[in-house]
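Peer 1: Here you go, one structure.
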Amino acid sequence: MNSYGENLLAWYDQHQRTLPWRSPPGAAPDPYHVWLSEIMLQQTTVATVKGYFDKFLRMWPTVDAMAASRQEDILDAWAGLGYYARARNLHKCAQEVVQNHQGQFPRTAADLKTLPGIGDYTSAAIAAIAFGEPVGVVDSNVERIVSRLFRISTPLPKAKKLIQEKTDQITPFDRPGDFAQAMMDLGSSLCSPKNPDCNICPFCSLCQAQTRGDMETFPVKPPKKTKPTRLIIAFAPMHEGSILLERRPDSGLLGGMPGLFSTPWVEQDTHPKDYPAYAPCPGDWTELNGESKHTFTHFHLITRLVSAEVPKRSNVENGFWIKKAELQTLGFPTVFKKMLELLP
DNA sequence: AATCCGGGGGT
DNA sequence: ACCCCAGGATT
Numbered sequence: 001m002n003s004y005g006e007n008l009l010a011w012y013d014q015h016q017r018t019l020p021w022r023s024p025p026g027a028a029p030d031p032y033h034v035w036l037s038e039i040m041l042q043q044t045t046v047a048t049v050k051g052y053f054d055k056f057l058r059m060w061p062t063v064d065a066m067a068a069s070r071q072e073d074i075l076d077a078w079a080g081l082g083y084y085a086r087a088r089n090l091h092k093c094a095q096e097v098v099q100n101h102q103g104q105f106p107r108t109a110a111d112l113k114t115l116p117g118i119g120d121y122t123s124a125a126i127a128a129i130a131f132g133e134p135v136g137v138v139d140s141n142v143e144r145i146v147s148r149l150f151r152i153s154t155p156l157p158k159a160k161k162l163i164q165e166k167t168d169q170i171t172p173f174d175r176p177g178d179f180a181q182a183m184m185d186l187g188s189s190l191c192s193p194k195n196p197d198c199n200i201c202p203f204c205s206l207c208q209a210q211t212r213g214d215m216e217t218f219p220v221k222p223p224k225k226t227k228p229t230r231l232i233i234a235f236a237p238m239h240e241g242s243i244l245l246e247r248r249p250d251s252g253l254l255g256g257m258p259g260l261f262s263t264p265w266v267e268q269d270t271h272p273k274d275y276p277a278y279a280p281c282p283g284d285w286t287e288l289n290g291e292s293k294h295t296f297t298h299f300h301l302i303t304r305l306v307s308a309e310v311p312k313r314s315n316v317e318n319g320f321w322i323k324k325a326e327l328q329t330l331g332f333p334t335v336f337k338k339m340l341e342l343l344p
């Protein structure tokens, strides 16, 4: 056992957090729980995931149950969590595990990585935590910690290979899963992006950046780009208290999710005379008061809502009618929730 | 190597 | 307003 492992695991045994997907000390983790939590935790905070994790386990207690469900039900339960490709891949992955692996998750990082939605990080995390494979698990917490430990000045993402090698080196063969989770606990508590608490850090004397006092300069990241603003008109075609909505195509932005029909999501505004070209049906469109704002990963969106009482035609491509009172029974992406709040 | 893909919380 | 976050897939 190296000194990194000794120091960190000693700290972990004292400060370990209890989380819904984390098994009690000494108990064997359920690979299904580990997998489900790791997918949800991709670019998503622990606090946000907790409620969704509990709900998913109640709805689908086993990978077999999830594999037997419909993608639409998975997406509905995932609504609000974001990055919806994760939910589509979750369903695909469960089906592959059942069909091609006898309902058992592969036990190595290399085999896990062949499954949908499982990449470098998640394959290593499941292999280490659920199956004890001594592999370095590198997420953004670990990138920050390791780049500080060794003062890695190469900018991300080019530094990823070196960070992976360093992480592999300091990961102990004994308890690699605990080491990985301890690193993430450390990164989310003491080794924070700003004002890291080096005084009580188990790596304090081992950390090159802390010795120099320039912790906050690591990791080195490329400059951010400014987000453009897109302005769209969303359509609310009404008929006797029902609204015509769209089931979005299975790929791309908010893929597979329900939403409102709208003009194209571009930076250029649309003139009212062009509304009919984009509306799902003919209508006398009148603008409702207010506008909704939402920010995505790479652009801001401002939406104005127009409404019209229209005949109830049923042959609208990807369209479906739903009573206003039943909107709450459907899982919407947050951007559409905000738009629907503009309805009178 | 770049780009696309959500949303919430901290500061 | 800007930062960050238990990243993966696509091009």
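So for the first sequence, full-length UniProt numbering puts the first residue at 1; every next one is plus one.
Idealized CB from N, CA, C, for every residue including glycine.
Are Ala209 and Val306 close, meaning C-beta to C-beta below 8 Å?
Peer 2: For the purposes of this step, residue 209 is taken as the residue at position 209 of the first sequence. For the purposes of this step, residue 306 is taken as the residue at position 306 of the first sequence. For Ala209 and Val306, no; Cβs fall outside 8 Å.
Peer 1: Taking the alpha-carbon of Pro276 as reference, which of Ser69, Leu288, Val266, Ser262 has the nearest alpha-carbon?
Peer 2: Here the question's residue 276 lines up with position 276 in the first sequence. Closest by alpha carbon: Ser262.
Peer 1: Is the beta carbon of Ala182 closer than 8 Å to that of Tyr12?
Peer 2: Taking the first residue of the first sequence as 1, we reach residue 12 at position 12. Taking the first residue of the first sequence as 1, we reach residue 182 at position 182. It is a contact, given that the beta carbons lie within the stated cut-off.
Peer 1: Measure from the alpha carbon of Cys207 to the alpha carbon of each residue in His15, Cys191, Pro249, then state which is nearest.
Peer 2: On the first sequence, residue 207 is found 207 positions in, with the first residue counted as 1. Nearest of His15, Cys191, Pro249 to Cys207, Cα basis: Cys191.
Peer 1: Could you give the DSSP three-state label for Asn289: helix, strand or coil?
Peer 2: Reading the first sequence from its first residue, position 289 is the one you call residue 289. Residue state, collapsed to three classes: strand.
Peer 1: Which class does His300 belong to by DSSP, given the choice of helix, strand or coil?
Peer 2: Locating residue 300 in the first sequence gives position 300, where the first residue counts as 1. Note: His300 maps to strand in three-state DSSP.
Peer 1: Alpha carbon to alpha carbon, how far is Gly256 from Arg247? Give it in angstroms, no decimals.
Peer 2: Looking up residue 247 in the first sequence gives position 247. Looking up residue 256 in the first sequence gives position 256. Arg247 and Gly256: Cα-Cα distance of roughly 6 Å.
Peer 1: Around the Cβ of Trp78, are there at least 16 other Cβ atoms within 10 angstroms (buried) or fewer (exposed)?
Peer 2: As a working note, residue 78 is residue 78 in the first sequence. The residue is buried, with at least 16 neighbouring Cβ atoms inside 10 Å.
Peer 1: Kindly indicate which residue of His239, Pro333, Asn199 has the alpha-carbon position closest to the one of His294.
Peer 2: By one-based count along the first sequence, residue 294 stands at place 294. Nearest C-alpha to His294: Pro333.
Peer 1: Find out if the Cβ-Cβ distance for the pair Phe203, Asn2 is shorter than 8 Å.
Peer 2: Sequence index remark: in the first sequence, residue 203 carries index 203 (1-based). Sequence index remark: in the first sequence, residue 2 carries index 2 (1-based). Not closer than 8 Å, so no.
Peer 1: Could you pull out every residue in the same chain whose Cβ sits closer than 8 Å to the Cβ of Asp54, ignoring the five residues on either side in sequence?
Peer 2: Position 54 of the first sequence, counted from the first residue, corresponds to residue 54. Only Pro20 meet the Cβ criterion.
Peer 1: So the candidates are Arg151, Leu301, Val316; which of them puts its Cα closest to the Cα of Met339?
Peer 2: Mapped onto the first sequence, residue 339 falls at position 339. Among Arg151, Leu301, Val316, the Cα nearest to that of Met339 belongs to Leu301.
Peer 1: Secondary structure at Trp11, three-state DSSP: helix, strand or coil?
Peer 2: Stepping through the first sequence from its first residue, residue 11 is reached at position 11. Helix.
Peer 1: Taking 8 Å as the cut-off, decide whether the C-beta atoms of Pro176 and Glu143 are in contact.
Peer 2: In the first sequence, counting from the first residue as 1, residue 176 sits at position 176. In the first sequence, counting from the first residue as 1, residue 143 sits at position 143. Their beta carbons are not under 8 Å apart, which means Pro176 does not touch Glu143 by this criterion.
Peer 1: If distances are taken between C-alpha atoms only, which option among Gly252, Pro344, Leu327, Thr270 comes closest to Leu288?
Peer 2: Position 288 of the first sequence, counted from the start, is the residue given in the question as residue 288. Taking only the C-alpha atoms, the option nearest Leu288 is Pro344.
Peer 1: Compare the C-alpha of Glu308 against each of Asn318, His298, Gly283, Met40 and name the closest.
Peer 2: In the first sequence, residue 308 corresponds to position 308, counting from 1. First, the residue type needs correcting, since residue 308 is Ala and not Glu in the sequence shown. Selected option, being the one with the closest Cα: Gly283.
Peer 1: Given Ala109, which residues of its chain have a CB within under 7 Å of its CB, disregarding the five upstream and five downstream residues?
Peer 2: Here residue 109 is taken as the residue at index 109 of the first sequence, counted from 1. Within the same chain, Ala109 has close Cβ partners Ser123, Ala124, Ala127, Glu133, Val135.
Peer 1: Under a Cβ-count criterion, where at least 16 other Cβ atoms within 10 Å of its own Cβ denotes burial, should Val266 be classed as buried or exposed?
Peer 2: In the first sequence, residue 266 corresponds to position 266, counting from 1. Exposed is the call here.
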